[in-house]
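Residue numbers for the sequence shown follow our numbering, beginning at 66 and rising by one.
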Amino acid sequence: MDVAEINEAFASVPLAWQSEFDYPTERLNPRGGAIALGHPLGASGLRIMTTMLHTLEDTGGRYGLQSMCEGGGMANATIIERL
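Below, the structure is given as structure tokens:
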């Protein structure tokens, strides 16, 4: 993955994910996460996807991973390819 946007309902979430998958710091939420940019109820997924698409375009990256919390310890993920 060239970039990963991991939603951070809590600051520890992207750090735990990064530790588990040994992912490079500079490619994890590279433009800031929910703590820096906000966590708008009902719009977090759109905010994360838009940020990821712009990052892929600006860096020439090909693949992006978005993960979104759903509450209760569950989450979903979307992988996109920039063509």
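The C-beta atom is built at its ideal place from N, Cα and C for all residues, glycine as well.
| Query | Result |
| --- | --- |
| Where residue 140 sits in the DSSP three-state scheme | strand |
| Between the CA atoms of residue 72 and residue 113 - distance to the nearest angstrom | 7 Å |
| Any alpha helix (DSSP H) of 4 or more consecutive residues that is wholly inside the segment 71–102 | 77–86, 99–102 |
| DSSP three-state assignment for residue 149, whether helix, strand or coil | Nothing in the structure corresponds to residue 149, since the chain is present only between 66 and 148. |
| CB of residue 123 within 8 Å of CB of residue 92, strictly | no |
| Cross-strand partners of residue 69 (DSSP beta bridge) | 93, 130 |
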